[in-house]
């Protein structure tokens, strides 16, 4: 709130995912102080989540991107995390969408999920989050409560459509703003996403196992109808054995889309 125009306009247009009451905005955390420091680009504080299934959100996103083009003559946009502040930076003529599932660094939003059949289905799911070492059976782990309200329907039935809808709207606005062919990479894809963008395989570690699995992942997404030249893995990955960097760079030279990300 305050001087943050993207948030204020989105609040005015009713663009956020709401709690189960369908009125109040769902609030979560993206990179809170447990994971970040003052030097990082992501500021601390609460986060709202743009409802990418809402046509008004596409209008809001288009307006924000065009206004930002008047301030900075960018040739591409990197959407990094779903939160109320967006980090926009030039990355060739490409667009990278990270953790657009939507991602939340909490289990559900404040103050938690209600006890009902949507949030606590009869079928339970065992979720492993290797990054944080968390293992539980909650569908709200690292995201929003399943009964959160979107324009389409409950989050339970719309979760996989967030990446698709954001890819489509961002593809169109990037072309409108730059007047050039846009390249959109998304970590969250769904049936039909290949019409508007490609897919990157998400965070990987600098291990032989991850190098091997990157080949499988790239080939699989060609079967899923995602353009073969827009499938990307994180060359080198994070942490672990830096001796693999050279080997992974050698392997990455044969990727259809070679992109260093370490």
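Numbering (full-length UniProt numbering), first residue to last: 1 to 262. Positions of the beta carbon are idealized from the N, C-alpha and C atoms, including for glycine.
Local Cβ density within 10 Å of residue 81, reported as buried at 16 or more and exposed below that: Caution applies to residue 81, whose pLDDT of 49 falls short of 50 and renders its modelled position unreliable; the value that the coordinates give is listed next. By the 10 Å Cβ count, residue 81 comes out buried.
Name, in chain order, the residues that DSSP records as bridge partners for residue 16. 50
Looking only at its own chain, which residues have a Cβ that is under 6 Å from the Cβ of residue 189, when we skip the five neighbours before and after it? 163 and 199
Beta-bridge partners of residue 307, as assigned by DSSP: Here the chain has residues from 1 to 262 only, and residue 307 is not among them.
Residues in its own chain within less than 7 Å of residue 56 by CB, not counting five upstream and five downstream? 13, 14 and 15
Cβ shell of residue 158 (< 6 Å), same chain only, five flanking positions each side left out: 53, 150 and 152
Please name the residue in 68, 47 and 5 whose C-alpha comes closest to that of residue 144. 47
Would you kindly work out how many angstroms separate the C-alpha atoms of residue 61 and residue 217, rounded to a whole number? 30 Å
Under DSSP, the beta strand (DSSP E) around residue 186 begins and ends at which residues? 183-186
Span separating the alpha-carbon of residue 228 from that of residue 250: 19 Å
Pick from 204, 177 and 230: whose alpha carbon is nearest that of residue 195? 230
In terms of residue numbering, what span does the beta strand (DSSP E) encompassing residue 199 cover? 198-200
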